[in-house]
Amino acid sequence: MCGIVGLFLKDPALEPRLGALLTEMLITMTDRGPDSAGIAIYSGAGAGRAKITVQSANPSRDFKSLDGDLHDAIGQPVLMLVKDTHAVIEVPLDQMDAARTALAHLRPSVKVMSAGESIEIFKEVGLPRDVAARFGISTMGGTHGIGHTRMATESAVTTMGAHPFSTGSDQCLVHNGSLSNHNSVRRDLKRAGMTFETENDTEVAAAFISHKLQEGAALGDAMGATLTDLDGFFTFVVGTKNGFGVVRDPIACKPAVMAETDQYVAFGSEYRAMVNLPGIENARVWEPEPATVYFWER
Amino acid sequence: MQSFDLSANGLRALNSSLHALKGQTNMTEWEIINPKGSHAIAAGVDAPVDITVRGSTGYYCAGMNKQATIRVKGSAGPGVAENMMSGTVIIDGDASQYAGATGRGGLLIIKGNASSRCGISMKGIDIVVHGNIGHMSCFMAQSGNMVVLGDAGEALGDSLYEARLFVRGSVKSLGADCIEKEMRPEHIALLADLLKRGEADDKAKPEDFKRYGSARKLYTFNVDNAAAY
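Protein chains in written order, with my numbering: chain A, 3 to 300; chain B, 93 to 321.
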């Protein structure tokens, strides 16, 4: 199993409530995935700024004076906000890659969850309610977000095995299902220069789409390519800096419900994840068709 | 009229109240409010009562139903009326995957669309869908009738046994051993009755449908193939 929720806001008036709405949706999906939970929030950064979200198993050691150390390394101002086991590090956009390189030297045990102009990813082992509370997700605003509750089948219950997976700047993917050809696809992607943090099947799907986007494919085309090249069961929900997409495999046994109003597009593994969204009673509610790519961009 | 607030009182209290209805009861009319997509609403009812669910339901609503008439004033999640034995289930909106799966009797009416695997392995249930049905519907369907006013998705009736399938619109593809068959007068009469009971006689005429059934080549033993076993 596994639960997926997603919310892409069209109405800026709802943006301050993004985290609160997504948190409630995520908690409703606890019984589809009580092992671990994760959430990607696209909350934007200042002009010309980038955010690197990192995780540590020993945050008091790793995050101590990390902002100062990074400042010394890149010679540019660094802002850092520690949230439990994660820290969001803000640097000038043109220093993002330099900061990541420096980070790998300064704190080798720290893992990068996401990097980009808008995205922040928080994920941990534990019940969705507890994970969301640890990171204060419900107080966060933003334009769109994706959440996942995991019932592990393919790899271990660890922080790095939780979804969402991010394999490109401002990109993320969550997955309900399992892939059967992920080892061979991973091998091909490694040869093409992609790097992997885990043995997880979903990370391969994320990297597959990131690789297509790097090659210049549009989001819809990159998602469509999963239908020919990935074998297995999947409902994917994908986020980019300004986009939100959904695709299901042709057999489509992993559930998916969508709702759209003038204010938002919402995704849930089940309808009950969406029952408390504003205006849901008048929303257009439908099941995404198998082997069909849906995406929205602002 | 018994009114039950599912959000306030919970599923276990609802279903144990409904399971307690046996034989003669004065509580023949029930209304369930605030269903909010919950699972297993009114599953396992065995009494001639009328239950209206005011909103959309999650997995397995009206599963294993016997005798009851259950109306959903919204859409239904996966497995609605799964393994129904008798009675009637009416969905005003759409139904998710495997609606009416393995149903042994009774009537399931879906006024919107049904998604994939509708009527999979049906064993005597009648299903009337006013809209379309998704792929792999009626897979290994054994008996009963499926009526579709709209279109059918890929692989309709794959590995079909003796269920009768009537589709008014297009069929994207037929599954293995499923073929179009002649509409004889007895099928027109059967379909007229199903459309009437399925609250669809004002929407479609029996003459507009095509009939599909088993070619009976897959499930019967053919002595010419003996060497293959």
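Glycine included, C-beta positions come from ideal geometry on N, C-alpha and C.
Quick caveat: nothing in here was measured; it's all calculated off a predicted structure.
Open item on the list: With a threshold of 7 Å between beta-carbons, can Val248(A) be considered close to chain B, or not?
Closed with: Here residue 248(A) corresponds to residue number 246 of the first sequence, with the count starting at 1. Closer than 7 Å: no.
- [ ] Answer with yes or no whether the minimum CB distance from Ala285(A) to chain B is below 7 Å.
- [x] Position 283 of the first sequence holds residue 285(A). No, no contact with chain B.
TODO: Using a Cβ-Cβ cut-off of 7 Å, state whether Arg34(A) counts as contacting chain B.
DONE: Translated into the one-based positions of the first sequence, residue 34(A) becomes position 32. Output row for Arg34(A): interface = no.
TODO: Name, in chain order, the residues that DSSP records as bridge partners for Thr237(A).
DONE: If you number the first sequence from 1, residue 237(A) lands on position 235. Secondary-structure assignment with DSSP links Thr237(A) through a beta bridge to Asn178(A), Arg250(A).
Task: Range covered by the beta strand (DSSP E) that runs through Val7(A) - done: For the purposes of this step, residue 7(A) is taken as the residue at position 5 of the first sequence. Looking at the DSSP string, the run of the beta strand (DSSP E) that includes Val7(A) is 5-11.
Task: Distance between Glu126(A) and Lys203(B) (C-alpha atoms, nearest Å) - done: Counting from 1 along the second sequence, the entry for residue 203(B) is found at position 111. Counting from 1 along the first sequence, the entry for residue 126(A) is found at position 124. Spanning the two alpha carbons is a distance of roughly 43 Å.
Task: Interface residues of chain A facing Gly267(B) [CB-CB closer than 7 Å] - done: On the second sequence, residue 267(B) is found 175 positions in, with the first residue counted as 1. Those do not exist, as Gly267(B) stays about 14 Å from chain A at its closest Cβ, beyond 7 Å.
TODO: Can you tell me which of Leu113(B), Ala255(B), Ala168(B), Asn205(B) puts its alpha carbon nearest to the alpha carbon of His279(B)?
DONE: The residue labelled residue 279(B) in the question sits at position 187 within the second sequence. Checking every option, the nearest Cα to that of His279(B) belongs to Ala255(B).
TODO: Report yes if the C-beta distance between Leu24(A) and Glu17(A) is below 7 Å; otherwise report no.
DONE: If you number the first sequence from 1, residue 24(A) lands on position 22. If you number the first sequence from 1, residue 17(A) lands on position 15. For Leu24(A) and Glu17(A), no; Cβs fall outside 7 Å.
Task: Range of the contiguous alpha helix (DSSP H) that encloses Pro130(A) - done: Along the first sequence, read from residue 1 onward, the residue named residue 130(A) stands at position 128. Element bounds for Pro130(A): 130-136.
TODO: Find the residues of chain B that neighbour Ala254(A), judging by a C-beta separation of less than 7 Å, and give them in chain order.
DONE: On the first sequence, position 252 is the one that residue 254(A) refers to. By Cβ distance, chain B contributes Ser208.
Task: Endpoints, beta strand (DSSP E) assigned at His73(A) - done: Translated into positions along the first sequence, residue 73(A) becomes position 71. Taken as a continuous stretch (DSSP letters only), His73(A) belongs to no beta strand (DSSP E), being part of the alpha helix (DSSP H) at 68-76.
- [ ] For chain A, find out if any of its Cβ atoms is closer than 7 Å to the Cβ of Gly192(B); answer yes or no.
- [x] Numbered from its first residue, the second sequence carries residue 192(B) at position 100. Judged by the 7 Å Cβ criterion, Gly192(B) is not in contact with chain A.
Task: Option nearest Ser251(B) by Cα separation, candidates Arg308(B), Gln159(B), Val137(B) - done: For the purposes of this step, residue 251(B) is taken as the residue at position 159 of the second sequence. It is Arg308(B).
TODO: Could you work out which residue in Val315(B), Leu103(B), Met214(B), His227(B) is closest to Thr149(B) when comparing CA atoms only?
DONE: Residue mapping note: residue 149(B) aligns to position 57 of the second sequence, counting from 1. For the residues Val315(B), Leu103(B), Met214(B), His227(B), the minimum Cα distance to Thr149(B) belongs to Leu103(B).
- [ ] Could you confirm whether any beta carbon from chain A is found closer than 7 Å to the beta carbon of Ser148(B)?
- [x] The sequence position of residue 148(B) within the second sequence is 56, counting from 1. At least one chain A Cβ lies under 7 Å of Ser148(B).
Open item on the list: Please identify, using Cβ separations under 7 Å, the residues of the segment 213-247 of chain B that lie next to chain A, in order along the chain.
Closed with: For the segment 213-247 of chain B, the residues whose beta carbon sits under 7 Å from a beta carbon of chain A are, in order, His227.
Open item on the list: Let's see if you can read the secondary structure: which residues bound the alpha helix (DSSP H) around Phe210(A)?
Closed with: Residue numbering aside, residue 210(A) sits at position 208 when the first sequence is read from its first letter. It spans 203-216 - the alpha helix (DSSP H) in which Phe210(A) sits, taken as one unbroken run.
Task: Nearest-angstrom Cα separation, counted from Ser207(B) out to Lys192(A) - done: Mapped onto the first sequence, residue 192(A) falls at position 190. Mapped onto the second sequence, residue 207(B) falls at position 115. The straight-line gap from Cα to Cα measures roughly 38 Å.
Open item on the list: Looking only at its chain, what residues have a beta carbon closer than 6 Å to the beta carbon of Gly245(B), apart from the 5 residues adjacent to it on each side?
Closed with: Reading the second sequence from its first residue, position 153 is the one you call residue 245(B). For Gly245(B), same chain residues with a beta-carbon under 6 Å away, outside a window of 5 residues either side, are Gly226, His227, Lys264 in chain order.
Open item on the list: Does the contact criterion of 3 or more C-beta pairs under 8 Å hold for the segment 234-245 of chain A versus the segment 173-186 of chain A?
Closed with: Because the criterion of three Cβ pairs below 8 Å is met, the segment 234-245 of chain A and the segment 173-186 of chain A touch.
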